[in-house]
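For reference, the structure discussed in these notes is given below.
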Amino acid sequence: MMPFIIKNLPILIVITPLMFSLIVAVLNNNRLAWTFSTFASFLTMIFTILLCFEVSYKSNISYYLGNWPPPLGIEYVIDRISIIPIMIVSVIGLIATLFAHNFFTLEIDEKLVSKTYSLWLLTIAGLIGLITTADAFNLFVFLEISSLSAVALVALGSKVDRKALVAGYNYLILGAVGATFYVIGVGLLYGVTGTLNMGDLAQKIPALGLNKSVIVAFTFMMLGIMVKAAVFPLHIWLPNAYAYAPSPVSVLLAATSTKVSIYIIVRISYTIFGSSYEIYSFESLRYILLYLAILAMFAGTIMAIFEKDVKKLLAHSSVAQIGYIVLGISLATSTGIASSFIHLINHALIKAGLFMSIVAMGYYTLKRIDVKTIAGLGRQLPITFFSFVICALSLAGLPLTVGFISKLYLIKAAYISEGIWLPFLILVSSALSLIYIWKLIEGLWYNEKSLKIEKIKELPEIYLPLLVIAFLNIYFGVDASLIIDNSFIASDALMSGIK
Amino acid sequence: MDNLILKVCTKVLFTPIILFGLYVQFHGDFGPGGGFQAGVIVAAAFILYAMVFSVEDCKVIMPPKLNFFLLALGAFLYGFVGIIGLILGDPYLSYDVLGTTKEAGQHIGILLVEFGVGLTVCNVMISLFYSFANFNFGKKNND
């Protein structure tokens, strides 16, 4: 049994949630649907952990679907780079699934709950598939799987607030534009090289010399994925989608979906086009990304400061944090990419924790959480508030939390490549983010309570997953060696592809 | 629609359309055809029935619950055929081990997979038709 599992790990992490989503879809019992989903995400996480051990001594696992060798067939590749986002998706996926049950029964029509779990597992399968595949077209297929099911999940928020339908529609249209751009790029590349395998593309592109199709293809692919990753001017679908989605969906999407897209940006620019970096002098592109990232840092933070609705506030803050991650990538140095990988992991932990604690408050009070209704809630919900504060301080970058580690490495990387002005800007935007964090903490703890509610009992099935996330925020802030070492290994592996 | 000619024609055509769908389905590996086209053709028979008689009549011969079950079953069949190969020691989606020779295995595999595709496409078309046919503007959607 064991060798069979070990041999097939790269596909098992994708098909476990995929097949379970089909089983869950036809179940009538909502509790059973939740049990199956939890089981599926638990299995996925076990497989991911096994895969981590495999990768740590093999460093590169390649899997041929249907025994068709690449470039003809589809190849799945797990290496030291892709294991990081896979780990994020499966860990957050499990915690969010455990957390989801109460919210789905409250926020979604009873008839639709099992179908919701089906879409939920499909999203997870799509996201993991996006990371594992080494085939440019297969990536598009998974892009569609994950984003279409995410769109449906966002729109399911319409029982609570009809605005979810508009948010889902915006996400659908912009996501479709992004995916189409990506596939146009892939088509152009296929036209000039005749292959879709990423490794094969990387070998064939430099031989073409200066070719306009390749430049256009690169532009289309990057733009398409940047829409999905919500890089600054292309982020407009994000705040509403996160704010009006059903609560667990906000948690899952905020923590994983944009991270995976950023990983694809890294893959496209360093794995597919890394070998032709010099020929096409993508150096100028790096500055475009750099300035967009700086704009994102400030625009996201300032939008968050003036936002009243707390879920939307967190979504705006996500835009700013994506800015930090893209900033690290745009530095195009080993330290820069490592720092953005570190922030990729840390931000997933931070945002998952923040969204979970805010939606938990919404669950207890049955109100939409905005800056006014949170007044005094912290004292009524001590455990939730405690986790919220840990994650919020982590977002601001206080020492002994994960946020500090990522800011530290980001500032170091920025200083090495750009001098003093860039670290200064990062520090200013971090300081600005303290304004909205303080606004929330002040409201939760110091203000007189505005809602008249009975004494609330906190439920263990909600606060236990939340405490796990809060603990991880502290644990990796104290002993960050696991994250940092793996991020540096990943960034070195990526940089070695650049010629 | 209360037209005798249409009703009689639909009753006559219903079975041949499904038969033609099955022909396209299983002829898929030798000529043009396959699961996608066959699924749409079979679904067309049901949609024709629903348009000429009524959506409620169509729901008697294809209940929405069965429709949704078959929809999931088709996709499940596709994935499960892949898993059989995986259990028998080959990579996922490898059909070599299904038959006595490699060619026979691929043949059986692709036939089953295409059947799954046909089932899913047919039921997705029908369920799309149901959801549009049931949509009442301004009223709350019950199904």
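Going down the list, the sequences are from chains X and E.
If you number the first sequence the way the working numbering does, the last residue is 1050 and the count never jumps.
If you number the second sequence the way the working numbering does, the last residue is 659 and the count never jumps.
C-beta: ideal position from N, C-alpha, C; glycine also.
In this text, all values refer to a predicted model and were calculated from it rather than measured experimentally.
- E658(X) and S798(X) have their C-alpha atoms some 8 Å from each other.
- The beta carbon of I819(X) is closer than 8 Å to those of F769, M772, M773, I776 in its chain, skipping five residues each way along the sequence.
- By the C-beta criterion, the region 536 to 556 of chain E is judged not to be in contact with the region 1021 to 1028 of chain X, since fewer than 3 inter-stretch pairs fall below 8 Å.
- Going by beta carbons, G874(X) and H894(X) fall outside the 8 Å limit.
- At a Cβ-Cβ threshold of 8 Å, G590(E) and G550(E) do not count as neighbours.
- In this structure, L946(X) places its C-beta atom within 8 Å of the C-beta atom of S868(X).
- What I562(X) touches in chain E, judged by beta-carbon distance under 9 Å, is G598, L602, P607, Y608, L609, going in chain order.
- Annotation: F648(E) has no Cβ neighbours in chain X at a cutoff of 7 Å; minimum Cβ distance is about 16 Å.
- For the 8 Å CB-CB criterion, T595(X) and P554(X) do not form a contact.
- Taken through DSSP and simplified to helix, strand or coil, Y627(X) comes out as strand.
- Inclusion of K609(X) and D660(X) in the CB contact set at 8 Å is not warranted, their separation being larger than that value.
- The closest CA to that of I597(X), considering only W619(X), I629(X), R631(X), I556(X), is found on I556(X).
- As the crow flies, the alpha-carbon of I612(X) is around 13 Å from that of I682(X).
- I1007(X) carries a coil assignment under DSSP once its states are collapsed to helix, strand and coil.
- Going by beta carbons, G555(E) and G625(E) fall outside the 8 Å limit.
- F645(E) is the residue among F651(E), N519(E), F645(E) whose C-alpha sits nearest the C-alpha of N583(E).
- Each residue's CA atom was taken as its position, placing G948(X) and G887(X) some 18 Å apart.
- When 7 Å is used as the limit between beta carbons, Y614(X) is near these residues of chain E: P607, in chain order.
- Between P561(X) and Y627(X), the C-beta gap is smaller than 8 Å, which places the two residues in contact.
- Under the DSSP assignment, Y611(E) falls outside any beta strand (DSSP E); it carries neither an H nor an E label.
- Proximity to Y821(X) across L882(X), N721(X), A794(X) peaks at L882(X), based on C-alpha coordinates.
- For D921(X), the pairing in a beta bridge is given by DSSP as D860(X).
- For a cut-off of 8 Å, the C-beta gap from S764(X) to V743(X) is around 5 Å, short enough to register as a contact.
- Put simply, the backbone Cα of A560(E) is about 14 Å away from that of F569(E).
- In the DSSP assignment, I612(X) is bridged to I629(X).
- Unbroken alpha helix (DSSP H) stretches of 4 residues or longer found wholly inside the region 734 to 816 of chain X: 749 to 755, 763 to 780, 788 to 795, 798 to 803, given in chain order.
- The C-beta separation of T852(X) from S980(X) comes to about 5 Å, placing the pair in contact by the 8 Å criterion.
- At a cut-off of 8 Å, the C-beta of L569(X) has a neighbouring C-beta in chain E.
- The criterion of a C-beta distance shorter than 8 Å is not satisfied by P621(X) and N721(X).
- Excluding residues up to 5 positions away in sequence, L587 lie with their Cβ nearer than 7 Å to the Cβ of V640(E) in the same chain.
- From the listed residues D860(X), L1033(X), K1006(X), the smallest Cα separation to T924(X) is found for D860(X).
- In this structure, DSSP gives D573(E) a helical state, which the three-state scheme calls helix.
- Looking at V565(X), L1010(X), N581(X), the one whose alpha-carbon comes closest to that of Y614(X) is V565(X).
- Straight-line measurement puts the Cα of I599(E) at about 27 Å from the Cα of G750(X).
- Here the C-alpha atom of L991(X) lies approximately 28 Å from the C-alpha atom of I813(X).
- Residue contact check for D612(E) against chain X: a CB pair falls below 8 Å.
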